[in-house]
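**Student:**
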Amino acid sequence: MGRETWRTRVGFILAAVGSAVGLGNIWRFPFQVGQEGGAAFMVMYLAFVLLIGFPAMLAEFVVGRRTELNAVGAVREFAGGAWTYLGGLFVVIGFVILSYYSVVSGWVLLYVAGSVTGAYVGDAAQGEPPVAAQFFVEIASGWDALFFHAIFMLIVVGIVMLGIQRGIEIGVKVMVPAIFVIFGVLSVYAFSLSGAGEAYAYYLSPNLGYIMANWQSLVPAAAGQGFFTLSLGMGVMITYASYLGSDENLAIDGTSIVVLNTSVSVLTGLIVFPILFTAGLDPETSGAGALFISVAAALGSLPFGRVAGVLFFTTVAIAALSSAISLIEVVVSYTIDEYGITRRKATATIGLGVFLLGAPVTIDTVFVDLYDMLAAQILLVLGGILLMVVITWFHADEAVEELGKGIGDLGVAGSLWIWMVRIPVVVVLLVSLYLGVTGYLEFLQGPFSEFLASI
Ligand code: PHE
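FYI, our numbering numbers position 289 of the sequence shown as 522, with every residue one higher than the one before it.
1. Do the region 529–536 and the region 548–560 make contact, defined as three or more Cβ pairs closer than 8 Å?
2. What residues does ligand 1 have around it, judged by CB closer than 6 Å to any heavy atom, in chain order?
3. Helix, strand or coil, according to DSSP, for residue 638 in the structure here?
4. Are the region 279–290 and the region 627–642 in contact at 8 Å, needing three or more beta carbon pairs?
5. CA-CA distance, residue 327 and residue 385?
6. Straight-line CA distance for residue 689 to residue 393?
7. Could you give the residue range of the alpha helix (DSSP H) that holds residue 661?
8. What number of angstroms, rounded off, separates the C-alpha of residue 469 from the C-alpha of residue 560?
9. If the criterion is Cβ atoms closer than 9 Å, does the pair residue 511 and residue 454 meet it?
10. Quick check: the Cα distance between residue 309 and residue 316, rounded to an integer number of angstroms?
11. On a Cα-Cα basis, can you pick out the residue from 367, 413, 653 and 388 that is closest to residue 335?
12. Hey, would you say residue 634 sits closer than 9 Å to residue 475, going by beta carbons?
13. At what residues does the alpha helix (DSSP H) containing residue 431 begin and finish?
14. Could you check if residue 425 is buried or exposed, using at least 16 other CB atoms within 10 Å of its CB as the buried criterion?
15. Report the option in 451, 596, 271 and 340 whose CA atom is closest to the CA atom of residue 671.
16. State yes or no: is the C-beta of residue 507 within less than 9 Å of the C-beta of residue 423?
17. Which two residues bound the contiguous alpha helix (DSSP H) that contains residue 569?
18. For residue 395, which of helix, strand or coil comes out of DSSP?
19. Of all the options 408, 438 and 652, which has the alpha carbon lying nearest to the alpha carbon of residue 247?
20. With distance defined between alpha-carbon atoms, name the residue in 283, 352 and 663 nearest to residue 650.
21. Between which residues of its own chain and residue 415 is the CB-CB distance below 8 Å, once the five residues before and five after are set aside?
22. Is it buried or exposed, residue 682, if we count other Cβ atoms within 10 angstroms and call 16 or more buried?
23. To test your reading of the DSSP string, which unbroken alpha helix (DSSP H) runs of 4 or more residues are found completely within the region 598–652?
24. Where does residue 447 fall in DSSP's three states?
25. How would you call residue 518, buried or exposed, if buried means at least 16 neighbouring beta carbons within 10 angstroms?
26. Put residue 246 into one of helix, strand or coil per three-state DSSP.
27. Applying the criterion that 16 or more other CB atoms from any shown protein chain within 10 Å of the CB defines a buried residue, is residue 319 buried or exposed?
28. Using 10 angstroms around the beta-carbon of residue 612, count the other beta-carbons present and answer buried if the total reaches 16, otherwise exposed.
29. Check whether the region 602–622 and the region 658–665 are in contact - that is, three or more C-beta pairs closer than 8 Å.
30. Quick check on residue 376: buried or exposed, where buried means 16 or more other Cβ atoms within 10 Å of its Cβ?
31. So, are the CB atoms of residue 253 and residue 438 less than 9 Å apart?
32. Would the beta-carbon of residue 304 fall within 9 Å of that of residue 274?
33. How about residue 263 and residue 523: do their beta carbons lie closer than 9 Å?
34. Tell me the DSSP secondary structure of residue 310 in three-state form.
35. Can you tell me whether residue 349 is buried or exposed? The criterion is at least 16 other CB atoms within 10 Å of its CB, across all chains shown.
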């Protein structure tokens, strides 16, 4: 079967950036920072992206470009045997992540609508935090959330049914510059607020003592966020690299993707935290609402706040859409290639399955944690470990040879990359996985049982 290729190298980078930049940076990142003590998390996250995320991304690229297959087929062809089950894990992860990702994306759509109507601005006190916070509580669970979850999935399914690549490229070409412009303006606004100083101290100046005391929750959180935000551990980057026709320099591509993606996260924090501190809201208790409440509160008090709100949330929606497309595409391309059913049929069925799986998340925001911790801190990390082991322990020579195409002789850098992933990366990920599982069990016995007991 002839495969399409990206028309240009930029097309590949844009698609990968489109997958990477999404709710992971804009919604999940500030939420995690708030949950894990501010700058301590920030430092760990940056370290994970650089030392683990980047080498892991190169590994996924190599497998995709070499096999030119969907993620599941790629793993089978590259490694064979029992490794084929790893492909099954990718498919499961895609389902789980997209199911709640779509619910949160539905919130984003509700905020686009809320910006048009001014619903979160409030009449008397323009944009006071209580109004913005109240709006979040109203829309985050219940019928609105369910309905907009359905709408978001319909949009995703519609686009993917028609075939992916061109649409993504165009969307991302608009989205990336838009994010930098809109977020840049908002971060300057946030800088002017009275709580900015306190926020920067909280967000940017790490306390070593805190890290030492809390590494057991920081490590799995940073690993999960690193994988989540870079779309690693479930075959997205394998799939996208499989469309690469040419032998280009994967290290340069990977660097561009990581730098762009990380900048979006950092910028988001520079907006969210000054606003939260100025409004007297605690980042820790803001939880899943941190982004929504803070930005809504800020926009309510700005001139042209509603217009800015529509622009802001529409941009976030496009970012979420391009990530969601990459998630469903892993499952769709696998189903088409393996079972030979049509793209339309595959996409519609999978979309319906994802919708049903996500529906419980609209009951209460505790389900967001239930799905999200499982996906990011356990499943993605597990997928990542298995991928890294199969690539660098069992197929190192092919991996180095493939990476060398487009770069030239790698020399020691090749062995350095392999050894870096073989031992330190895998060990850190194993520790993260263990801590992630124990943390999840605590969550199930604690907050989640409390929720169940309360209904
Ligand atoms: N990276 C995406 C985001 O940050 C989410 C994602 C995770 C996409 C895993 C694909 C695979 O929003």
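Even glycine gets a Cβ: it sits at the ideal position worked out from N, Cα and C. Predicted model only: the values in this text are computed from it and were never measured.
**Tutor:** Checking against the coordinates, here is how it stands:
1. no
2. Those residues, listed in chain order, are 252, 253, 255, 256, 257, 258, 330, 461, 462, 464, 467, 469, 556, 559 and 560.
3. coil
4. no
5. 16 Å
6. Given that the chain is displayed from residue 234 to residue 688, the structure contains no residue 689 and the question cannot be resolved.
7. 659–676
8. 7 Å
9. For residue 511 and residue 454, no; Cβs fall outside 9 Å.
10. 6 Å
11. 388
12. no
13. 429–437
14. exposed
15. 451
16. In contact: residue 507 and residue 423 (Cβ atoms closer than 9 Å).
17. 538–572
18. coil
19. 408
20. 283
21. 541, 544, 545 and 548
22. exposed
23. 599–605, 614–622 and 629–637
24. helix
25. exposed
26. Three-state DSSP puts residue 246 in a helix.
27. buried
28. buried
29. yes
30. exposed
31. no
32. no
33. With contacts defined by Cβ atoms closer than 9 Å, residue 263 and residue 523 form a contacting pair.
34. helix
35. exposed
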